[in-house]
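Protein chains: 2
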Amino acid sequence: MGGDNGISVTVPAAVRFAHRIADVHFLLVGDETKIKKSLNHSKPRDPNQFEIIPCNEVITGEDAVESALRHKKGSTMHVAIKLVSEQKADACISAGNTGALMAISRLILKTLDGIKRPAIASAIPNISGGGTYVLDLGANVDCTPQHLQQFAIMGTALVQAIEEIDNPTLGLLNIGHETHKGNDVVRKTYSLLQESGLNFIGNVEGDDIFKSKCNVVVCDGFVGNVMLKTSEGLAKMISQKLKKRFLHSFFTKLIAFIAKPVLSKFKEEVDNRRYNGAVFLGLKGVVVKSHGSADSLAFKHAIYKAYSAIKFDILNKISVKVGELQSTEVSEQISNNTEHA
Amino acid sequence: MGGDNGISVTVPAAVRFAHRIADVHFLLVGDETKIKKSLNHSKPRDPNQFEIIPCNEVITGEDAVESALRHKKGSTMHVAIKLVSEQKADACISAGNTGALMAISRLILKTLDGIKRPAIASAIPNISGGGTYVLDLGANVDCTPQHLQQFAIMGTALVQAIEEIDNPTLGLLNIGHETHKGNDVVRKTYSLLQESGLNFIGNVEGDDIFKSKCNVVVCDGFVGNVMLKTSEGLAKMISQKLKKRFLHSFFTKLIAFIAKPVLSKFKEEVDNRRYNGAVFLGLKGVVVKSHGSADSLAFKHAIYKAYSAIKFDILNKISVKVGELQSTEVSEQISNNTEHA
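Going down the list, the sequences are from chains G and R.
Counting in the UniProt record's numbering, the first sequence runs from 1 upward without gaps.
Counting in the UniProt record's numbering, the second sequence runs from 1 upward without gaps.
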């Protein structure tokens, strides 16, 4: 039901996805009448791939997280995430209120054993035509080096799952490439990542995200959120200015008509719809958040992210890697203590 | 001598500036022979506006800040900043190593009385065709609410000086507009700014910088630096992709030729050269850092920033406002202590 366009986007996206992937089964949580109508309209190939879970309570974008948690316990978000916790669904995908979705996910699903904090990860289009995955994008405003190390593990597993890259490269977002740069948390994280066994390439700067320097970039949620919104704001401003220039007069509109094939190709290339879908990592279940303004093509890509995460068994892979690192830390502590004794 | 192009940019820029502004006098610090040659080539209207201060030791972009401070005490940067501290110059403008320039400025000039930390401020082009001034852009990786409050005062004074806006609006960079958003430092800063007497409009997000929501945006140097470099990286990627599209084939090149008037206007509009010049605020002297890749037009704008700061008597205005706020704080503390007694 969520996002700017609700069912008119989410249902057709699910139908389009099911067209291509036969082994998927959708539980559509929301207003039964509206979903039925949209389903009929979208003409699914196999109607058995869809089941409606009727629910009429909806969390809006304006609802504060606290009140959504307390006063809307029967909301579509609660119901959908409960389906995951009861193993009736493998993943939950929503275009709704990000804060509420994360809070309800944490409440119902809990974090994976050993994971201190869940994080939000998404891909940013880069110059190579691919995407650079960045996390955390806003779930955690204060992070310790240990949190950031866990984000690195989770981000690596995510890229392995979705991009099918064996050993993704990892960068630490900083204000310079040199080892000594940044604040205390970032410097300590640098050391932890060097010892983590991950494919760590060192510090990266804001512009490196677009240069395809590495597959995963780790940062705290404050910095990540500012970075993401800055990128969205700048891209929007540039496209508005370009559009305005071409719509300036009859003459420029004529030029726009002639240049259309080039401009369309350009638009396609900087189109970020195929990167839609921020993955909530570190929970006992897969939750994917679509951009609120997503159309059905973009929402289909968010579904694809959830599907890949499940197929790759991402939760298990994260647990194993976190477990490995923790046992190394514990054994190091024991040996340190023995030395001191 | 600094930046990617050294004297071939800085000297012609100074000559162009002196063409328009009669009451400026330049002390050109660097290689005497080269400067003389460049001066002759640039044909100044009034040669008396220029004086050469011979100096052959140069700090490069590769020099570590520590070694620049210790082993290059006779560098052009040292000499130029000393001219400011000895009141032989009103401002120093450089396109060289940012870290070294800040460190040498702090060492020689010291901070203004009452100012805890100097900050780097620059304008980011926004949708209105103007610029949003953001600070700190990288001088301080860890900030207290008091530091951020002082940045707000200094940024406000800078916009008053350069943009000639009486009462500039001020935003606090955060990850949401709501009062409770962000980390502890940002929330405490929010309260301080509310009581500061500045024209504080509340929290702003990364995309608001481009929406012309306020004149000044305050953040810590880590976040500001990531924001700045992200913007530079994204803008570069988009322009590369647009260029590549138009250079794709003979046909697209033909379209580019036809679309040239529109594309040139667009390029002019997103041209950030007129925003060149990051101002180091909070020091006992005006220091302006030009982008290393600046051409002479861009460098001329950096000179203009220094000129405006001097004309507006920015150092004095910052001192007065900081003094006012401190005396308020002291009197509040006294009245609090009296209440508790």
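Where is the CB? At the ideal position from N, CA and C, for every residue including glycine.
Keep in mind that this is a model prediction, so the values were computed, not measured.
Residues of its chain near R:Phe200, where Cβ-Cβ distance is below 7 Å and the 5 sequence neighbours each way are ignored
Leu170, Leu193, Gln194
Tell me the residue span of the alpha helix (DSSP H) that contains R:Ser308.
296–311
Using the beta-carbon count (16 or more within 10 Å), is residue 346 of chain G buried or exposed?
Beyond the ends of chain G as shown, which are 1 and 341, falls residue 346 of chain G; an answer cannot be given.
Bridge partners for G:Tyr133 per DSSP, in chain order?
G:Ala123, G:Val216
G:Met227 and R:Thr230: beta carbons closer than 8 Å?
yes
From R:Ala341 to R:Thr98, what distance separates their C-alpha atoms?
Unreliable positioning characterises R:Ala341 in this predicted model, as indicated by a pLDDT of 46, which lies under 50. A coordinate reading is not provided.
Which same chain residues, not among the five before or five after R:Leu297, have their C-beta less than 7 Å away from its C-beta?
Arg273
Say whether chain R places a C-beta atom closer than 8 Å to the C-beta of G:Leu234.
yes
Whole angstroms are fine: how far does the CA of G:Leu281 sit from the CA of R:Asp31?
57 Å
I want to see whether chain R comes within less than 8 Å of G:Gln194, judged by CB atoms only; does it?
no
Own chain residues within Cβ distance below 8 Å of R:Lys253, not counting five before or after
Phe246, Leu247
Do R:Leu112 and residue 346 of chain R have their beta-carbon atoms positioned less than 8 Å apart in this structure?
This structure cannot settle anything about residue 346 of chain R, because the visible part of chain R is limited to 1 through 341.
Can you tell me which of the three DSSP states G:Pro12 falls into?
helix
Quick check on G:Asp220: buried or exposed, where buried means 16 or more other Cβ atoms within 10 Å of its Cβ?
buried
With a cut-off of 8 Å, does the C-beta of G:Val262 fall near any C-beta of chain R?
yes
Below 8 Å between beta carbons: does that hold for G:Val288 and G:Ala139?
no
Cβ-based neighbour list, R:Ile153, same chain, cut-off 8 Å, excluding 5 preceding and 5 following:
Ser196, Leu198, Ile318, Lys321, Val322, Leu325
Count the CB pairs spanning the stretch 295–315 of chain R and the stretch 11–19 of chain R that are closer than 8 Å, and state whether there are at least three.
yes
Below 8 Å between beta carbons: does that hold for R:Ala161 and R:Ile314?
yes
CA nearest to the CA of G:Ala278, picked from G:Lys188, G:Asp208, G:Leu137, G:Lys211:
G:Leu137
How many Å lie between G:Val141 and R:His177 at the Cα?
15 Å
So, is the C-beta of R:Glu32 closer than 8 Å to a C-beta in chain G?
no
How many angstroms separate the CA atom of G:Pro54 from the CA atom of G:Lys36?
10 Å
Where does R:Asn5 sit, in a helix, a strand or coil, going by DSSP?
coil
Classify R:Thr132: buried if its beta carbon has 16 or more other beta carbons within 10 angstroms, exposed otherwise.
buried
Do you know how far the Cα of R:Gly3 is from the Cα of G:Phe222?
32 Å
Determine whether the Cβ of residue 342 of chain R lies closer than 8 Å to any Cβ atom of chain G.
In the structure as shown, chain R starts at 1 and stops at 341, and residue 342 of chain R therefore has no counterpart that could be examined.
Beta carbon of R:Phe266 nearer than 8 Å to that of G:Lys236
no
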